[in-house]
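*Asks:* Okay, here's the structure, questions in a sec.
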Amino acid sequence: MGNLGYQAQPSESGDHSEMHRVEKLLRAAYSYCASKAQLSNTSLTRDLPAASLAGPPLPISWDSEAELMTALDKCTADDVNLSHSIERCKLDAPVAFIHLHENKWFTLGIFVIFKGGRIPLHDHPNMSGFLKVIEGKVRIRSYTTADQSGVCATVEEESHALLDSSHPPCVLGPEDKNIHEIEYAGGSENESETYQGRPYASFIDFLSPPYKSDPDPFSESCNYYARAQVESRCVLRKCPPPRSYWTEDLPYCGQSVEDIIEELRRNYPDSH
Ligand SMILES: [Fe+2]
5 MGNLGYQAQP SESGDHSEMH RVEKLLRAAY SYCASKAQLS NTSLTRDLPA ASLAGPPLPI
65 SWDSEAELMT ALDKCTADDV NLSHSIERCK LDAPVAFIHL HENKWFTLGI FVIFKGGRIP
125 LHDHPNMSGF LKVIEGKVRI RSYTTADQSG VCATVEEESH ALLDSSHPPC VLGPEDKNIH
185 EIEYAGGSEN ESETYQGRPY ASFIDFLSPP YKSDPDPFSE SCNYYARAQV ESRCVLRKCP
245 PPRSYWTEDL PYCGQSVEDI IEELRRNYPD SH
């Protein structure tokens, strides 16, 4: 379980101590992506040791990642007013999604998985993701694969994690643990945190690049997989999404973020 967790740095910067946590999260997400874009423009990658780099000091990327992890780690269900969103459920979908923000750099949203629900095995091609549980518990099974070609991928490593809000955000990379499934593993201990008798778990999901970054209109943002056993090896085969899986969109009911986003869009013109 431990290898899925990211140890967020306790870096509360003084000037932002009064800032609402969702605002902080948005600012950190923009800043992180701006650093990433800046680093990729100068052909730097985080795999290079600092000593091998000439020119200006590097840590902009590491700092901004730690800042984003810390901002995510501090967010709670109350910060995003989750219970108000849940009250607006009309259907009995196993999973609901609350859209918070999307631009050219990232997608930020909140998943709600009701008791018995599961986000089936899927990938996020070429994307990095950070996930922070804010309500209940989820079980994540993730795979790092080798020789992924065509419709089949051989599993190199399988990881399991049982996460609740006390855990720091967990991380998936473009290659590392990119294929994963997430299932409900327990609701809040607070009896009121149910919806019409349906307990739920919830997590904030940050993905970069965003879901809609693929310019090919016929390509799906993600692929779904089924496990299979081939000669004692576990392989993952692409498949259609299971019929039992569908989502309902819920409104975001937390702090208004329109003004903040407008300001951020002005400050980061490359983000849109
Ligand atoms: Fe995912």
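Heads up: take any position in the sequence shown, counting from 1, add 4, and you land on the working numbering. Even for Gly, the Cβ is constructed at its ideal location relative to N, Cα and C. The model shown is predicted, which means the values in this text are computed figures rather than measured ones.
1. Mapping DSSP to helix, strand and coil, what is A81?
2. For E187, report the span of its beta strand (DSSP E) as first-last.
3. Considering D263, what are the terminal residues of the alpha helix (DSSP H) in which it resides?
4. Under a three-way DSSP split, which group does Y249 fall into?
5. Can you find at least 3 beta carbon pairs, one from the region 130-137 and one from the region 234-243, that sit closer than 8 Å?
6. Per the DSSP calculation, S206 is bridged to which residue(s)?
7. Would you call R247 buried or exposed, if buried means 16 or more other Cβ atoms sit within 10 Å of its Cβ?
8. Check the DSSP bridge columns for K242 and list the partner residues they point to.
9. Count the other CB atoms within 10 Å of the CB of N182; is the residue buried (16 or more) or exposed (fewer)?
10. Apart from the five residues just before and just after Y147, which ones in its own chain have a Cβ nearer than 6 Å to its Cβ?
11. The alpha helix (DSSP H) with H105 in it runs from where to where?
12. Starting from Y147, follow its DSSP beta bridges and name the residues at the other end.
13. Just tell me which of E262, R237, R122, H171 has its CA closest to the CA of E187.
14. Assess contact between the region 259-273 and the region 20-34, defined as three or more Cβ pairs (one per stretch) separated by less than 8 Å. Is contact present?
15. In whole angstroms, give me the CA-to-CA distance for S236 and Y204.
16. Once the 5 residues before and after S225 are set aside, which same chain residues still bring their CB inside 6 Å of it?
17. In three-state terms, what does DSSP make of S170?
18. Give a yes or no on whether 8 Å exceeds the smallest Cβ distance from A157 to chain C.
19. Using a Cβ-based criterion (distance less than 7 Å to any ligand heavy atom), does G133 qualify as near ligand 1?
20. What number of angstroms, rounded off, separates the C-alpha of R25 from the C-alpha of G154?
21. Quick one: using the 10 Å Cβ neighbour count with 16 as the cut-off for buried, is T149 buried or exposed?
22. On the premise that I114 lies in contact with D209, defined as a C-beta separation below 8 Å, what is that separation, rounded to the nearest angstrom?
23. Take P92 and list the residues in its own chain whose beta-carbon comes closer than 7 Å to its own, dropping the five residues that flank it on each side.
24. H184: beta carbon under 7 Å from a heavy atom of ligand 1?
*Replies:* According to the data block:
1. DSSP places A81 in coil when its eight states are reduced to three.
2. Start and end: 183-190.
3. 262-271
4. coil
5. no
6. V116, E139
7. exposed
8. Y229
9. buried
10. V159, E162, I183
11. For H105, there is no enclosing alpha helix (DSSP H); the enclosing beta strand (DSSP E) has its first and last residue at 99-106.
12. E162, I183
13. R122
14. yes
15. So the alpha carbons of these two residues sit roughly 36 Å apart.
16. Y215
17. coil
18. In summary, chain C is missing from the structure at hand, where a single protein chain is found.
19. Because some heavy atom of ligand 1 lies under 7 Å away, the Cβ of G133 counts as near it: yes.
20. 42 Å
21. buried
22. 7 Å
23. A small fix is needed here, since residue 92 is Arg in this sequence, not Pro. If we look at R92 and ignore the five residues flanking it on each side, its Cβ neighbours are L254, P255.
24. yes
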